[in-house]
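To start, the structure under review is shown below, and the notes come after it.
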Amino acid sequence: MRKIILLLPIIILIASCNKDDDYEPLLYDNHELAFNTPPGFPEVNSSFYTNKPTKYGVILGEKLFSDKRLSADNTISCASCHNRPSAFADNNIQAVGIEGRIGLRNTTPIQNLAFMRFYNWDGSKLNLESQPLVPIITHEEMASSILEVMGKISGDNDYVNLFKKTFGDETITPERIYRSIAQYEYTLVSANSKYDRVKRNEATFTENEMQGYHVFQQKCIACHSTELFTDQTFRNIGFPINPNSNEAGRARVTGDMNDYMSFRVPSLRNAEYTAPYGSFGQFSTLREVLDYFDNGVLEADNLDPILKNNGNRIPLTEQEKEDIISFLKTLSDKQFTGQ
Amino acid sequence: MKNLKKYVMLAAISLAFVSCSKDDDTNPVANEVRLEFKNTFGDTEIVLGGATSSTATKNTSEAGQVHHFSELKYVISNIRLIKEDGTEVPYNINDLDKGATIVNHAKPTTLNYVLSNIPTGEYKQIQFGLGVRTDLNTLDQVRFPNFYASAGANDTETMWEWGTGYRFTKIEGFYDTDNKEMSIHTGSTIEDDENGNHIQGVDAYRNIILDLPQNAAVGVNAPKIIIKADFDKLLSGTANTITLSTGTGMNDNATPNIHTAVQMTKFVDNLGGNGTSDLKGMFSIIKVEN
Chain P
14 MRKIILLLPI
24 IILIASCNKD
34 DDYEPLLYDN
44 HELAFNTPPG
54 FPEVNSSFYT
64 NKPTKYGVIL
74 GEKLFSDKRL
84 SADNTISCAS
94 CHNRPSAFAD
104 NNIQAVGIEG
114 RIGLRNTTPI
124 QNLAFMRFYN
134 WDGSKLNLES
144 QPLVPIITHE
154 EMASSILEVM
164 GKISGDNDYV
174 NLFKKTFGDE
184 TITPERIYRS
194 IAQYEYTLVS
204 ANSKYDRVKR
214 NEATFTENEM
224 QGYHVFQQKC
234 IACHSTELFT
244 DQTFRNIGFP
254 INPNSNEAGR
264 ARVTGDMNDY
274 MSFRVPSLRN
284 AEYTAPYGSF
294 GQFSTLREVL
304 DYFDNGVLEA
314 DNLDPILKNN
324 GNRIPLTEQE
334 KEDIISFLKT
344 LSDKQFTGQ
Chain E
11 MKNLKKYVML
21 AAISLAFVSC
31 SKDDDTNPVA
41 NEVRLEFKNT
51 FGDTEIVLGG
61 ATSSTATKNT
71 SEAGQVHHFS
81 ELKYVISNIR
91 LIKEDGTEVP
101 YNINDLDKGA
111 TIVNHAKPTT
121 LNYVLSNIPT
131 GEYKQIQFGL
141 GVRTDLNTLD
151 QVRFPNFYAS
161 AGANDTETMW
171 EWGTGYRFTK
181 IEGFYDTDNK
191 EMSIHTGSTI
201 EDDENGNHIQ
211 GVDAYRNIIL
221 DLPQNAAVGV
231 NAPKIIIKAD
241 FDKLLSGTAN
251 TITLSTGTGM
261 NDNATPNIHT
271 AVQMTKFVDN
281 LGGNGTSDLK
291 GMFSIIKVEN
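Going down the list, the protein sequences come from chains P and E.
Be aware that the first sequence starts at 14, since it is given in our numbering, and climbs by one per residue.
Be aware that the second sequence starts at 11, since it is given in our numbering, and climbs by one per residue.
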């Protein structure tokens with residue numbers, strides 16, 4: 014008996030040797046892509062350093078991102094909701110998954126995510142690599158599973174080649190899928206709007222835009238700060254409440270009552286293209302958002318102190334609203350959105 | 011490649027021979043331990059039913075709210091048996107496919123869970139987890155395809171997609187005389203950074219420790235341990251006396267805005283103990299049958 018057991022590793026070794034003989038290693042130039050942090054942007058998420066975008070990783074990620082086979086009935090891909098002309102968001106009130114299933118919240122744009130510390134409206138994820146599984150398995154989104162996805166793409170030669178080029182061998186694993194999608198998303202940087210060009214002295218604001226920028230600095234920038242136009246905090250700003258009983262804002266993640274119905278301050282970049290607005294698309298236009306702030310928001314125990322200290326509103330004249338919207342449109346990046 | 015398959019077959023056959031020689035032993039070195047879960051309100055076994063069911067078991071909470079369940083599921087994992095000398099015998103604690111189960115009150119077969127190949131000996135205590143430990147709570151379908159499948163099945167729905175974890179308890183039912191809906195789901199939302207430091211979220215996993223009223227003697231016999239899960243504790247627990255309320259306010263807790271983890275934690279502490287002074291929660295041992 015012992016002899017047989019001793020023989021086993023040897024047999025296995027021989028078997029592996031045979032296998033190696035069939036293997037013709039090919040070297041691909043899967044180099045890291047240049048990645049520049051635009052001036053004034055925050056530090057990248059620490060996960061970026063462990064999953065830097067590479068030439069083939071990004072190609073693979075983009076292919077997965079737009080592959081409808083990620084959904085149970087092969088009808089929607091990531092890109093179905095996160096489409097480029099809308100800054101990788103869409104214009105539905107709430108996200109729409111397979112069979113027209115309606116999700117809990119408004120689709121968030123995918124832009125400048127490399128520089129974010131929290132993902133999703135409630136900050137439930139802290140790195141991009143752990144996010145792709147969520148839409149794949151969620152009933153209201155793709156309603157599939159990672160094994161189902163791996164099964165569907167495993168026979169596809171394009172994928173076989175890309176996995177080999179990206180990771181050195183053709184093995185498809187969940188982690189490789191998640192990491193390549195994240196690599197692609199890291200490359201989606203929007204920093205070439207008129208605002209950016211003004212900052213670089215390559216353009217000038219119109220009178221209205223300039224007025225709007227001034228009002229913005231007085232009345233908006235407390236939350237929409239930094240060159241991302243969000244300070245990445247979570248706040249309850251008294252917007253109309255999503256009656257869906259699954260909604261509690263960030264509190265469902267943290268268990269902290271102070272986070273009840275608090276959401277991540279959204280970036281305002283490309284806001285022109287991402288209507289409707291609010292965590293479940295409460296407002297169809299930017300003007301409606303500003304009118305709401307002007308008229309007064311809902312009271313709440315944990316209403317943001319800035320609103321509490323100002324009578325639960327942000328008073329704005331009609332002219333100021335128009336000017337702010339003019340300014341916000343300077344954050345539109347036509348190169349990024351292909352508009 | 012064909013050759014490799016042959017060798018693997020050979021290896022499997024040789025291993026089978028090794029196991030066979032083991033079976034020749036006359037004294038069993040191991041046997042089964044059978045767990046049976048009895049889900050109750052107090053001493054009454056629960057009967058599920060819809061909103062207006064006349065057969066469903068009604069319970070009245072300390073706060074005076076009558077309630078009954080239409081659905082009742084919870085996850086048991088990380089099972090350990092403690093021998094009389096204190097030795098811990100873990101049961102596939104790192105393998106959800108082999109060591110975890112979803113108790114679904116509507117499916118009688120799930121009320122029994124058989125631990126196989128438990129070493130012969132006298133056991134004085136059982137420990138298990140209500141829910142799934144954070145390190146295994148990742149919806150890893152590749153590692154644990156069977157558990158993943160049973161959790162995700164349409165009639166089970168014990169997956170918490172947005173948190174990429176499992177639901178640890180899923181209770182649906184009705185409360186008050188007007189049969190308002192109650193929907194209580196628990197699960198962990200914990201997220202650590204790359205160094206393992208806690209960043210956010212709550213841990214809804216609870217370790218349960220139950221002394222056996224008499225030793226479970228594993229050997230010639232396969233003992234059965236009958237465990238009571240008293241869901242009266244849900245609203246009237248050691249940790250919290252809970253009054254259900256329906257609405258979208260931050261203190262409303264009857265429907266899953268109970269996903270507000272603050273409200274959820276109160277139910278978790280009642281069902282699974284608070285992790286410090288109460289390590290039993292709703293669980294107790296009815297008896298051991300040797």
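Cβ coordinates follow ideal geometry from the N, Cα and C atoms, glycine included.
Is DSSP giving residue i helix, strand or coil here?
i, result
"P100/E", "strand"
"S160/E", "helix"
"L21/P", "Since pLDDT at L21/P reaches only 47, below the 50 mark, its modelled position is unreliable, and no value is offered."
"Y215/E", "coil"
"N122/E", "strand"
"P318/P", "helix"
"D33/E", "Because the pLDDT at D33/E is just 47, under 50, the model does not fix this residue reliably, and the value given afterwards should be weighed accordingly. Looking at D33/E - three-state DSSP - the assignment turns out to be helix."
"L106/E", "helix"
"S203/P", "coil"
"V310/P", "coil"
"S246/E", "strand"
"V308/E", "Since the first residue of chain E shown is 11 and the last is 300, residue 308/E is not available in this structure."
"L91/E", "strand"
"E42/E", "strand"
"S292/P", "coil"
"Q224/E", "strand"
"R300/P", "helix"
"D240/E", "strand"
"I252/E", "coil"
"F79/E", "strand"
"I13/P", "Outside the shown range of chain P (14 to 352) lies residue 13/P, about which nothing can therefore be said."
"A156/P", "coil"
"Y273/P", "strand"
If we cut at 9 Å on Cβ distances, does residue i have a partner in chain E?
i, result
"L146/P", "yes"
"I159/P", "yes"
"H152/P", "yes"
"L73/P", "no"
"G181/P", "no"
"P51/P", "no"
"T63/P", "yes"
"L83/P", "no"
"T267/P", "yes"
"L141/P", "no"
"G110/P", "no"
Does the CB of residue i have a neighbour CB from chain P at under 9 Å?
i, result
"T179/E", "no"
"S193/E", "yes"
"V142/E", "no"
"G109/E", "no"
"T166/E", "no"
"G173/E", "yes"
"V212/E", "yes"
"L149/E", "yes"
"T199/E", "yes"
"E204/E", "yes"
What does residue i pair with, by DSSP beta-bridge criteria?
i, result
"D202/E", "H208/E"
"F128/P", "DSSP lists no partner for F128/P."
"N249/P", "L316/P"
"V109/P", "I115/P"
"V298/E", "I235/E"
Give, in chain order, every unbroken run of the alpha helix (DSSP H) that is at least 4 residues long and sits entirely within the stretch 132-200 of chain E. Listed in chain order, the alpha helix (DSSP H) elements of length 4 or more contained wholly in the stretch 132-200 of chain E are 155-162.
Could you tell me whether the stretch 233-249 of chain E touches the stretch 232-248 of chain P, where touching means 3 or more Cβ pairs closer than 8 Å? Two segments are said to touch when three or more pairs of C-beta atoms, one from each, lie closer than 8 Å; by this definition the stretch 233-249 of chain E does not touch the stretch 232-248 of chain P.
Which complete alpha helix (DSSP H) runs does the stretch 46-85 of chain P hold, if anything under 4 residues is left out? Entirely contained in the stretch 46-85 of chain P, the alpha helix (DSSP H) runs reaching 4 residues are, in chain order, 68-78.
Evaluate contact between the stretch 166-177 of chain P and the stretch 145-164 of chain E, counting only Cβ atoms and requiring at least three cross-stretch pairs below 8 Å. Because the criterion of three Cβ pairs below 8 Å is not met, the stretch 166-177 of chain P and the stretch 145-164 of chain E do not touch.
So does the stretch 75-83 of chain P actually touch the stretch 219-227 of chain E, counting three or more Cβ pairs closer than 8 Å? Contact between the stretch 75-83 of chain P and the stretch 219-227 of chain E is absent, because fewer than three Cβ pairs lie under 8 Å.
The stretch 82-91 of chain P / the stretch 146-158 of chain P touching (three or more Cβ pairs under 8 Å): Note that the stretch 82-91 of chain P touches the stretch 146-158 of chain P; at least 3 beta-carbon pairs, one per stretch, sit closer than 8 Å.
Between the stretch 122-139 of chain E and the stretch 84-99 of chain E, do at least 3 Cβ pairs fall closer than 8 Å? With the rule of 3 Cβ pairs closer than 8 Å, the stretch 122-139 of chain E counts as touching the stretch 84-99 of chain E.
Three CB pairs or more closer than 8 Å across the stretch 50-57 of chain E and the stretch 186-193 of chain E: With fewer than three CB-CB distances shorter than 8 Å, the stretch 50-57 of chain E does not count as touching the stretch 186-193 of chain E.
Is it the case that the stretch 120-139 of chain P contacts the stretch 38-58 of chain P, given that we only count it when at least three CB pairs across the two stretches are under 8 Å? Yes, they touch.
Are there three or more Cβ pairs, one per stretch, closer than 8 Å when the stretch 260-269 of chain P is compared with the stretch 338-349 of chain P? No: the two stretches stay apart, fewer than three of their Cβ pairs being nearer than 8 Å.
If contact is defined by three or more beta carbon pairs under 8 Å, each pair taking one atom from either stretch, is the stretch 128-144 of chain P in contact with the stretch 316-329 of chain P? In short, these stretches do not touch, since the Cβ pair count stays below three.
Is it a yes or a no for the stretch 127-134 of chain E touching the stretch 221-238 of chain E, going by three-plus beta-carbon pairs under 8 Å? Put simply, the stretch 127-134 of chain E touches the stretch 221-238 of chain E. At least three CB pairs are less than 8 Å apart.
Determine contact between the stretch 121-131 of chain E and the stretch 67-83 of chain E, defined as no fewer than three beta-carbon pairs at a distance below 8 Å. By the Cβ rule, the stretch 121-131 of chain E does not count as touching the stretch 67-83 of chain E, because fewer than three pairs are nearer than 8 Å.
Within the stretch 162-239 of chain P, ranges of the alpha helix (DSSP H) (whole runs, at least 4 residues): If one requires a minimum length of 4 residues, the alpha helix (DSSP H) runs lying completely within the stretch 162-239 of chain P are 170-180, 187-199, 207-212 and 220-232, in chain order.
Per the contact definition of three or more C-beta pairs closer than 8 Å, is the stretch 309-324 of chain P in contact with the stretch 175-191 of chain P? Short answer: they don't touch.
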